[in-house]
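Undergrad: Residue numbers (my numbering), protein chains in the order written: chain Y, 6 to 578; chain U, 249 to 433.
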Amino acid sequence: MQLFDFNGGVTPDYHKEASTQSPIAVSPAPTFLVIPLHQSIGGTPRPLVSAGDRVLKGQRIGAADGDMSSAIHASTSGHVVAVEMRRMPHPSGLSALCVVIKADGRDEWIARQSFDYRSHTAAETRDYLRDAGVVGLGGAVFPTHLKMSPGKGDKLDTLIINGAECEPFITCDDLLMRERAEAIIQGVVILRDLLAAGRVLVGIEDNKPQAVAAMTAAVQAGGHQDMAVVAVPTRYPAGGAKQLIRVLTGIEVPHGKRSTDYGVQCFNVGTAHAIHEAINLGQPLISRIVTVAGNVAAPRNYEVLLGTSMEALLTQSQPLPDTDRLIMGGPMMGVSLPSKDVPVVKATNCILAGSKKLFPPPPPEMPCIRCGECATACPADLQPFELYWFSRAKIFGKAQEYHLFDCIECGCCSYVCPSHIPLVDYYRFAKSEIWANESEKAAADQAREQYEFRQLREAREAQEKAARLAARTAAGRAAATNALAVASDATSDATPAAAPVAKSATTPATEPAQTPSPQAALIAAALERARAQQVQPANTTNLTPEQQAEIAAIEARRAQIRAQAHPHLPPDD
Amino acid sequence: MLAALLVMALGAVVLGAVLGFAAVKFRVEGDPLTEKIDAILPQTQCGQCGFPGCKPYAAAMAKGEADINQCPPGGDEGIRKLADLLGREYKPLSAEHGVEKPKALAVIDEQRCIGCTLCIQACPVDAIVGAAKQMHTVIAVQCTGCELCVPVCPVDCIDMVPVAENITTWKWKYPVVAIKPVTTH
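Here's what the structure looks like:
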C-alpha cells in the first residue's frame with residue numbers, strides 16, 4: 006500500500022535492543038501499593054473506600070468524576086491503610102490524593118464477567134469502559150471512552166492502531182505486540198465493531214520486524230480481511246497520532262480539527278489490549294507493561310501492578326551506581342522525576358535511569374542564530390524559533406497566534422538546535438502560563454458576574470422596599486384626602502354655626518375646622534393609623550370594681566416606693 | 249453658481265442625514281474604556297483602591313480621576329497592563345492602598361462561628377452561604393480573597409488561608425540559564 010510522509014522529524018539513537026532481549030517479566034506484587042486517584046486527563050475520581058476497608062483485586066476504589074474522567078481500581082487484594090496525600094510521579098514533586106493498600110498476598114480477584122458489547126448500546130459500552138478505567142496507554146492517558154464515538158458521519162473510514170513506538174529506549178509496545186498479538190487483535194476487533202470502522206491499519210515502525218510478524222500472524226489467524234499491518238519508516242516522531250495518520254492515510258489533520266472529522270481515529274496497541282481485558286475478560290485496568298532501561302544492568306519490560314513503587318521496580322533491573330536521575334517516559338519527551346519514591350501510574354510507559362555518562366548535561370545555551378534547523382525538524386509544521394522568541398519574551402498572545410498549542414513537545418527542535426536551547430522547556434513554560442492566565446480570567450469573569458448580580462439584587466431589594474413604603478403612604482394619603490373632602494364638603498354646605506359638627510365629623514385633631522390644611526389632615530390620618538396599630542392589652546377592659554380597687558392599691562404602693570427611692574424626683578405619672 | 253450651491257447644499261444634507269443615522273444606529277452603549285480597564289482588574293471587589301468595587305475604580309481611571317497604582321491584588325503585572333492600556337507612566341504600587349499578597353481564600357472555623365450573617369452581608373460576590381444562627385461556610389471556588397468578611401466577624405472565626413500549589417495549578421518554570429565561571433588562561 007502507498008505510504009505518505011510527514012515533514013521534519015529526527016533519527017536519534019534508538020537503544021531499543023537491550024530491553025527486548027528477554028520476555029516480559031511479571032513484577033512481583035509489593036507489600037504496599039500507592040494508587041493515585043488522578044491518573045488520567047480530566048477530573049479527579051472520588052474515593053470509594055476509606056482506611057480499614059478490605060478491597061479485592063480489580064475492585065473500583067475511585068469513581069469517575071463526570072464523563073471527562075476515568076475510574077481507578079485496586080491492583081491487588083488487601084486492606085486500605087490510608088487515603089492520603091502522597092508524592093506523585095510528576096515533575097513538580099507535589100502530592101495528590103492516593104489510596105494506600107497493604108496487600109494480603111492472596112491476590113484475590115473480584116468476580117470477573119465479560120461484557121457483551123454487542124447486546125449493549127454504545128453509551129452503555131462507553132460507561133463500562135469509563136468504569137473499567139481504560140485510558141490511552143501511549144502516554145497521554147486520555148480516557149478511551151471519550152474517543153469511542155464516531156465523528157460527524159456515523160462510521161469511521163479508517164481505524165489506526167498505533168504500534169509505532171518511536172521514542173528511544175521504550176519497548177513496552179514492541180514486547181506487548183510480540184507476546185500478546187492475539188489479545189491486541191481481539192481488542193482491535195472490539196474497537197472496529199464499536200466505531201463501525203471500514204478498515205483497520207496497524208502502523209508499526211520497521212525497526213520492529215518481530216512485532217510486525219507477530220501482528221501479521223495474529224491478523225491472518227483471525228481471518229480479518231479488513232485489517233492490515235503496515236511497517237512504517239523509522240523516524241521519530243512517527244508514533245505521534247497526527248504523524249502516523251499522515252503516514253498511513255495521507256490526511257493532514259488541520260489546526261483546531263479532530264481526526265474523526267476526517268474519518269480517522271487512532272488508538273495505541275496497549276489501549277487495544279486493555280480494552281480486550283476489560284470487555285472480554287472483565288478485568289479493569291490494574292497493570293501495564295513498563296520498560297525499565299537506561300543506566301541499568303538488566304534492562305527489561307515488566308508487567309507492573311499500578312501503584313508499585315518505581316524504586317522497587319528499578320531495583321529489579323539493577324541500576325548502576327552512578328545513576329543520578331529518573332526519567333518517566335523516554336529521553337525526548339519524558340519528564341525528570343524529583344524522587345524515586347513515587348508509584349507507577351497508567352501513564353508510565355518507561356522508567357529511564359539516567360547518569361551523567363548516558364545523558365551528559367547539555368552544553369550552555371547560546372543565543373538563537375535563526376538558522377531554521379528547528380523549523381526543518383518540526384513534525385507539526387510550526388516555526389519553533391518564533392515560538393521561542395515569544396515564549397522567552399512572555400508575549401503569549403503572539404505565541405498562540407503561531408499555534409503554540411499545536412506543539413506536541415516531541416523535542417525535535419531542541420534535539421537539532423545548534424545553540425542547545427532547551428526550546429521545549431520554553432514552550433512548556435508558555436503553555437502553563439497561558440493555562441493559568443485563562444483560569445484566572447475565568448475566575449475573574451465569574452467574580453464580576455457575581456458582583457454585578459449582587460449589585461442588581463441590592464438595587465432591586467431597595468426598590469421593592471421603597472415601593473412597599475410608598476404603597477402604604479399612598480393608602481394613608483388617599484384616606485386623608487377622602488377625609489379632607491368630607492370636611493370641606495361639610496364646611497361649604499354648613500354655616501359657621503355648624504362648625505363644631507363638622508369638626509367632630511372629620512377628626513378631633515384638626516383644630517380649625519373652617520380651613521383644614523392638607524398637612525394637618527395627613528398628620529391626623531397618620532395618627533389614626535398609629536392608634537389603630539397600638540395593641541390594647543386584653544385584660545384592661547371590662548374590669549370588676551374589686552379588680553379596679555386592687556389596681557389602684559398597687560399603683561399607690563408603687564408611687565410610695567418610687568417616692569422613697571427617689572425623694573428628689575417628681576412622682577411618675 | 250446656483251447649481252454649484254445646490255449641489256453642495258444637497259451633499260451637506262445627505263451626508264448630515266447619514267451621519268445622524270449612524271450616530272443613532274451605531275451608538276456605543278457604556279464607556280468602552282471602562283470595560284477594557286475593568287477586564288484588566290482582578291475583580292476581587294475588595295475596595296482597597298478606595299472605590300466600592302472594581303467597576304467604580306475602572307470608571308474613575310477612565311475619567312482620569314484615579315491613579316493606576318491603587319490595586320494591590322492586581323499587583324505589579326496589573327499596573328503594567330494598565331499603564332500600557334492608558335498610555336501612562338508605570339509607577340510602583342502605592343503603599344497606602346496595601347501590599348501585593350499571594351492569593352488566599354477565606355475559611356470559616358466551624359467551631360467558632362455563631363451564625364450572625366455579618367460576613368454574608370459583607371461578601372461582595374455572595375460566596376458565603378448560611379442563615380441566622382446556622383453555621384456559615386465559604387464557597388471556595390467563588391471566594392476572591394478580598395478579606396472584607398474578616399473585620400466584620402464578631403468572633404474572629406474567619407482565617408485567610410493562602411492557596412497552596414497543587415498538581416493541576418503547578419506551572420512549568422521559566423527556563424533558567426546556568427551561568428558558569430569562565431577560566432581564561
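Every residue gets a Cβ at the ideal spot worked out from N, C-alpha and C, and that includes glycine.
1. Using DSSP bridges, identify the partner residues of LYS435 of chain U.
2. If we cut at 8 Å on Cβ distances, does TYR393 of chain Y have a partner in chain U?
3. For a contact defined as C-beta to C-beta under 8 Å, what are the partners of GLN390 of chain U on chain Y?
4. Can you find at least 3 beta carbon pairs, one from the region 389-402 of chain U and one from the region 362-371 of chain U, that sit closer than 8 Å?
5. What in chain C is Cβ-close to ASP357 of chain U, meaning under 9 Å?
6. Taking contact to mean at least 3 C-beta pairs separated by less than 8 Å, is the region 122-140 of chain Y in contact with the region 62-78 of chain Y?
7. Which stretch, first to last residue, makes up the alpha helix (DSSP H) that contains GLN565 of chain Y?
8. Is there at least one Cβ from chain U nearer than 8 Å to TYR431 of chain Y's Cβ?
9. Quick one: residues in its chain with C-beta nearer than 7 Å to the C-beta of ARG397 of chain Y, no 5 flanking neighbours on either side, listed in chain order?
10. From the DSSP secondary-structure annotation, give me the bridge partner or partners of LEU102 of chain Y.
11. Start and end of the beta strand (DSSP E) containing VAL207 of chain Y?
12. Looking at C-alpha atoms only, which residue of Y:PRO238, Y:LEU206 and Y:SER32 is the closest neighbour of THR16 of chain Y?
13. May I ask you to check if the CB of GLN26 of chain Y is nearer than 7 Å to at least one heavy atom of the ligand MN?
14. With a 10 Å radius around its C-beta and 16 neighbouring C-beta atoms as the bar for buried, classify GLY228 of chain Y as buried or exposed.
15. Is it right to say VAL424 of chain U is buried, meaning 16 or more other beta carbons lie within 10 angstroms of its own, or is it exposed?
16. If you compare alpha carbons, which of Y:LEU8, Y:PRO28 and Y:ASP266 is closest to ALA216 of chain Y?
17. In the DSSP assignment, what are the bridge partners of ILE406 of chain U?
18. Which whole-angstrom value describes the C-beta separation of ILE356 of chain Y and MET337 of chain Y, a residue pair presumed to lie in contact below a C-beta threshold of 8 Å?
19. Below 8 Å, can you find three or more Cβ-Cβ pairs linking the region 438-456 of chain Y to the region 416-430 of chain Y?
20. Return helix, strand or coil for LYS508 of chain Y, following the three-state DSSP convention.
21. Helix, strand or coil: which one does DSSP assign to ASN167 of chain Y?
22. Note down, in chain order, every chain U residue with its Cβ under 9 Å from the Cβ of HIS43 of chain Y.
23. For the alpha helix (DSSP H) containing VAL224 of chain Y, list its first residue and its last residue.
24. Pull up the DSSP beta-bridge partners for PHE37 of chain Y, would you.
25. Would you tell me roughly how many angstroms separate the C-alpha atoms of VAL349 of chain Y and ALA145 of chain Y, rounded to the nearest one?
26. Of the residues that make up the region 329-352 of chain Y, which ones have a beta carbon closer than 9 Å to any beta carbon in chain U?
27. In this structure, what does DSSP give as the bridge partners for MET232 of chain Y?
28. Contact check, TYR407 of chain Y vs LEU392 of chain Y under 8 Å by CB: the rounded distance?
29. Does any residue of chain U have a CB that is nearer than 8 Å to the CB of THR511 of chain Y?
30. For LEU548 of chain Y, is the classification buried or exposed, using 16 other Cβ atoms within 10 angstroms of its Cβ as the cut-off for buried?
31. So LEU289 of chain U packs on PRO320 of chain U, CB below 8 Å; how close in whole Å?
32. Looking at the structure shown, is PHE11 of chain Y part of a helix, part of a strand, or coil, going by DSSP?
33. At what residue ranges does the region 269-351 of chain Y contain a whole run of the alpha helix (DSSP H), taking only runs of 4 or more?
34. Can you say whether GLN288 of chain Y is buried or exposed, counting buried as having 16 or more other CB atoms within 10 angstroms of its CB?
35. Quick check on the DSSP output: the alpha helix (DSSP H) that includes CYS177 of chain Y runs from which residue to which?
36. If you pair each beta-carbon of the region 345-356 of chain U with each one of the region 327-337 of chain U, do three or more pairs fall below 8 Å?
TA: Answer, in terms of the structure:
1. Since the first residue shown for chain U is 249 and the last is 433, residue 435 of chain U is missing from the structure and cannot be characterised.
2. Counted from its first residue, the first sequence places residue 393 of chain Y at position 388. Chain U contact via Cβ: absent.
3. For the purposes of this step, residue 390 of chain U is taken as the residue at position 142 of the second sequence. Ordered by position in chain Y, the residues that pass the 8 Å Cβ test against GLN390 of chain U are GLN451, ALA452 and GLN455.
4. yes
5. In the structure shown, chain C cannot be found, because the protein chains are Y and U.
6. yes
7. On the first sequence, residue 565 of chain Y is found 560 positions in, with the first residue counted as 1. Start and end: 550-570.
8. Here residue 431 of chain Y corresponds to residue number 426 of the first sequence, with the count starting at 1. For TYR431 of chain Y, the answer is yes, since a Cβ of chain U falls inside 8 Å of its Cβ.
9. In the first sequence, the residue the question calls residue 397 of chain Y occupies position 392. Taken in chain order, the residues that qualify are TYR431.
10. Along the first sequence, one-based indexing puts residue 102 of chain Y at 97. In the DSSP output, where bridge partners are listed per residue, LEU102 of chain Y has Y:MET90.
11. One-based indexing of the first sequence puts residue 207 of chain Y at position 202. 202-210 is the extent of the beta strand (DSSP E) around VAL207 of chain Y.
12. Position 11 of the first sequence, counting from 1, holds the residue named residue 16 of chain Y. Among Y:PRO238, Y:LEU206 and Y:SER32, the Cα nearest to that of THR16 of chain Y belongs to Y:PRO238.
13. With respect to the ligand MN, the structure shown offers nothing to examine, as it has no ligands at all.
14. Your numbering for residue 228 of chain Y matches position 223 in the first sequence. The residue in question, GLY228 of chain Y, is exposed, as its Cβ has fewer than 16 Cβ neighbours within 10 Å.
15. As a working mapping, residue 424 of chain U is identified with position 176 in the second sequence. Exposed: under 16 other Cβ atoms inside 10 Å.
16. As a position in the first sequence, residue 216 of chain Y is number 211, starting the count at 1. Comparing Cα positions, the closest option is Y:PRO28.
17. Taking the first residue of the second sequence as 1, we reach residue 406 of chain U at position 158. U:ILE356, per the DSSP bridge assignment.
18. Counted from its first residue, the first sequence places residue 356 of chain Y at position 351. Counted from its first residue, the first sequence places residue 337 of chain Y at position 332. With 8 Å as the limit, ILE356 of chain Y and MET337 of chain Y do not qualify as a contact, their Cβ atoms being about 15 Å apart.
19. no
20. Working through the first sequence from its first residue, we reach residue 508 of chain Y at position 503. The predicted model places LYS508 of chain Y with a pLDDT of 44, which falls under 50 and marks its position as unreliable; any figure quoted below should be read in that light. LYS508 of chain Y: helix per DSSP, three-state reduction.
21. Along the first sequence, one-based indexing puts residue 167 of chain Y at 162. DSSP places ASN167 of chain Y in strand when its eight states are reduced to three.
22. In the first sequence, residue 43 of chain Y corresponds to position 38, counting from 1. Chain U residues near HIS43 of chain Y: ILE415 and THR416.
23. Numbered from 1 along the first sequence, position 219 holds the residue referred to as residue 224 of chain Y. First-last of the alpha helix (DSSP H) with VAL224 of chain Y: 214-227.
24. The residue given as residue 37 of chain Y occupies position 32 in the first sequence. For PHE37 of chain Y, which the question treats as bridged, DSSP gives the partners Y:LYS107.
25. The count along the first sequence starts at 1 and reaches residue 349 of chain Y at position 344. The count along the first sequence starts at 1 and reaches residue 145 of chain Y at position 140. For VAL349 of chain Y and ALA145 of chain Y, the distance between alpha carbons rounds to 15 Å.
26. none
27. Against the first sequence, residue 232 of chain Y aligns to sequence position 227. The partner list for MET232 of chain Y (beta bridge, DSSP) reads Y:VAL205.
28. Working through the first sequence from its first residue, we reach residue 407 of chain Y at position 402. Working through the first sequence from its first residue, we reach residue 392 of chain Y at position 387. Between LEU392 of chain Y and TYR407 of chain Y the Cβ distance is about 5 Å, and since that is below 8 Å, they are a contact.
29. Counting from one through the first sequence, the residue named residue 511 of chain Y turns up at place 506. At THR511 of chain Y the pLDDT is 45, less than 50, meaning the model places this residue with poor confidence and gives no usable figure here.
30. Locating residue 548 of chain Y in the first sequence gives position 543, where the first residue counts as 1. Exposed is the call here.
31. Here residue 289 of chain U corresponds to residue number 41 of the second sequence, with the count starting at 1. Here residue 320 of chain U corresponds to residue number 72 of the second sequence, with the count starting at 1. LEU289 of chain U to PRO320 of chain U, Cβ: 11 Å. No contact.
32. Position 6 of the first sequence, counted from the start, is the residue given in the question as residue 11 of chain Y. In the structure shown, PHE11 of chain Y sits in coil (DSSP, three-state: anything other than H, G, I, E or B).
33. 274-285 and 315-321
34. The residue labelled residue 288 of chain Y in the question sits at position 283 within the first sequence. Classification of GLN288 of chain Y: buried, given that the 10 Å Cβ count is 16 or more.
35. As a first step, residue 177 of chain Y is located in the first sequence; it is residue number 172 there, counting from the start. Counting along the chain, the alpha helix (DSSP H) containing CYS177 of chain Y begins and ends at 177-184.
36. no
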